[in-house]
Amino acid sequence: MQNKLYNILVPVDFTAKNKWAIAKAVELANNFNCNIHLVHVVFKPVFPLIPIDASRFTPYASHINMQACREKLATLKAAYKNQLCGDGEIEISLLQGHPQAQLKQYIELYNMDMVVLGLSKFNLLERIISSISISLLARKTNIPILAVRSGGLVSHFKKIVLPLYNDIPVESIKLATMLARSFKSTVYLVSLRNHISHSESNILDKTLELVQSVSTIPVQCFLLEGHNLAKSTLDFSKRINADLILGQSVKEFRLPGLWNRITNKLLSYASKIPVLTFDKTTEQA
71 MQNKLYNILV
81 PVDFTAKNKW
91 AIAKAVELAN
101 NFNCNIHLVH
111 VVFKPVFPLI
121 PIDASRFTPY
131 ASHINMQACR
141 EKLATLKAAY
151 KNQLCGDGEI
161 EISLLQGHPQ
171 AQLKQYIELY
181 NMDMVVLGLS
191 KFNLLERIIS
201 SISISLLARK
211 TNIPILAVRS
221 GGLVSHFKKI
231 VLPLYNDIPV
241 ESIKLATMLA
251 RSFKSTVYLV
261 SLRNHISHSE
271 SNILDKTLEL
281 VQSVSTIPVQ
291 CFLLEGHNLA
301 KSTLDFSKRI
311 NADLILGQSV
321 KEFRLPGLWN
331 RITNKLLSYA
341 SKIPVLTFDK
351 TTEQA
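So for the sequence shown, my numbering puts the first residue at 71; every next one is plus one.
As structure tokens, then:
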């Protein structure tokens, strides 16, 4: 992660949730003068959860569908182009294949810096059968995935919450610092009280020292009560009216409960506050 955003990818499926994802991408693009890439992947599985594209069996219908999708992408570009007030541009691309694989290739080919995903209000079934998984995409691409709901568009990132577990999240610190400089934000470092012991180094203090060594942004530290980092972080973020939470795609950022473990319900899927998800492998100091 560099100190500037150059390219933001927004996967679109022409549903209502794309509106707030694109709106958040426009907000970021206007702050960083970066480009927005609206990408639609044509993929119609033969059966749910079976990654076989039915379009190969219906070539004529597939051709008509591809043409319709191109027109929809062009309409989206025209609708949002005038909202960009910096040097950034809106690029559109139409791909075909499994969305997870196609997006990974696109991200690597065109050097995307961030993915912005829109989440629906009622997304339990969608989260289970969706071909785009936040945790899987984060692991495969090693770039942050920003999940946004309709309620995540009310303001800029003025209060950024960075939960800490057992290592210093270097990439999260870089991104939090970059965003805080741009939006004049305060960063809140939080950790569970029962994870701090006298026998090990205090991760909260070490992270604070690192942040202060690279930036002069306002930083506050809090020890949270509770046994689940995701739940305690979410509760704290609601109390302070936070605008952004930085998390990881690991079990410590998964909400408690058997069903949440079975469905891999990360913090991203439960929060009305936008959540940036990183892969664990990019977070080690």
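Think of the CB as a built atom: it goes at the ideal place given N, C-alpha and C, for glycine as much as any other residue.
C-beta atoms of residue i and residue j nearer than 8 angstroms
{"i": "Y18", "j": "E295", "result": "Because the chain is modelled from 71 through 355, residue 18 falls outside the range shown and cannot be assessed."}
{"i": "T165", "j": "Y180", "result": "The sequence given here has Leu at residue 165, not Thr. Not a contact, by the Cβ cut-off of 8 angstroms."}
{"i": "N102", "j": "E241", "result": "Looking at the sequence provided, one finds Phe at residue 102 rather than Asn. Going by C-beta atoms, F102 is not nearer than 8 angstroms to E241."}
{"i": "A95", "j": "V186", "result": "yes"}
{"i": "V260", "j": "P288", "result": "no"}
{"i": "N77", "j": "C104", "result": "yes"}
{"i": "L75", "j": "M184", "result": "yes"}
{"i": "A300", "j": "I343", "result": "no"}
{"i": "M182", "j": "L79", "result": "yes"}
{"i": "S319", "j": "S132", "result": "no"}
{"i": "G156", "j": "A99", "result": "yes"}
{"i": "S302", "j": "W90", "result": "no"}
{"i": "H297", "j": "F253", "result": "no"}
Spatial distance of residue i from residue j (CA atoms)
{"i": "S307", "j": "A171", "result": "33 angstroms"}
{"i": "A144", "j": "E97", "result": "20 angstroms"}
{"i": "E159", "j": "G327", "result": "43 angstroms"}
{"i": "Y339", "j": "A217", "result": "8 angstroms"}
{"i": "K151", "j": "R263", "result": "47 angstroms"}
{"i": "T256", "j": "Q290", "result": "8 angstroms"}
{"i": "P214", "j": "A208", "result": "6 angstroms"}
{"i": "R251", "j": "F292", "result": "21 angstroms"}
{"i": "D83", "j": "H110", "result": "6 angstroms"}
{"i": "P239", "j": "H168", "result": "31 angstroms"}
{"i": "S190", "j": "M248", "result": "28 angstroms"}
{"i": "K147", "j": "Q153", "result": "10 angstroms"}
{"i": "G188", "j": "L173", "result": "15 angstroms"}
{"i": "L19", "j": "R324", "result": "Outside the displayed span of the chain (71 to 355) sits residue 19, for which this structure offers no information."}
{"i": "K114", "j": "Q137", "result": "15 angstroms"}
{"i": "E161", "j": "T286", "result": "35 angstroms"}
{"i": "E141", "j": "P81", "result": "16 angstroms"}
{"i": "H268", "j": "K276", "result": "Residue placement at H268 is flagged as unreliable, the pLDDT there being 45, under the threshold of 50; the coordinate-derived value follows with that caveat. So the two alpha carbons sit approximately 14 angstroms from each other."}
{"i": "I258", "j": "A246", "result": "Note that residue 258 is Tyr in the sequence shown here, rather than Ile. Roughly 10 angstroms separates the two Cα atoms."}
{"i": "I273", "j": "T211", "result": "27 angstroms"}
{"i": "I243", "j": "S163", "result": "31 angstroms"}
{"i": "L433", "j": "S341", "result": "Outside the displayed span of the chain (71 to 355) sits residue 433, for which this structure offers no information."}
{"i": "N88", "j": "E178", "result": "22 angstroms"}
Cβ-based burial, residue i [other Cβ within 10 Å; buried from 16]
{"i": "Q354", "result": "A caution first: Q354 carries a pLDDT of 47, below 50, which makes its placement in the model unreliable, though a value can still be read off. It is exposed - the Cβ of Q354 has fewer than 16 other Cβ atoms within 10 Å."}
{"i": "L346", "result": "buried"}
{"i": "E270", "result": "Legend: pLDDT at E270 = 43, less than 50; position of this residue unreliable, value from coordinates given subsequently. By the 10 Å Cβ count, E270 comes out exposed."}
{"i": "I134", "result": "exposed"}
{"i": "L281", "result": "In the sequence under discussion, the amino acid at residue 281 is Val, which differs from the Leu named in the question. By the 10 Å Cβ count, V281 comes out buried."}
{"i": "V284", "result": "exposed"}
{"i": "H107", "result": "buried"}
{"i": "C139", "result": "buried"}
{"i": "R309", "result": "exposed"}
{"i": "D305", "result": "exposed"}
{"i": "K229", "result": "buried"}
{"i": "A149", "result": "exposed"}
{"i": "A86", "result": "exposed"}
Bridge partner(s) assigned by DSSP for residue i
{"i": "C291", "result": "L259"}
{"i": "T347", "result": "I215, G317"}
{"i": "I106", "result": "I78, I160"}
{"i": "L336", "result": "R324"}
{"i": "V111", "result": "L165"}
CB contact check: residue i to chain D, cutoff 8 angstroms
{"i": "P233", "result": "Looking for chain D here will not work: only one protein chain is present."}
key: Uninterrupted alpha helix (DSSP H) stretches inside the stretch 158-246 (no shorter than 4 residues)   = 169-179, 194-199, 204-211
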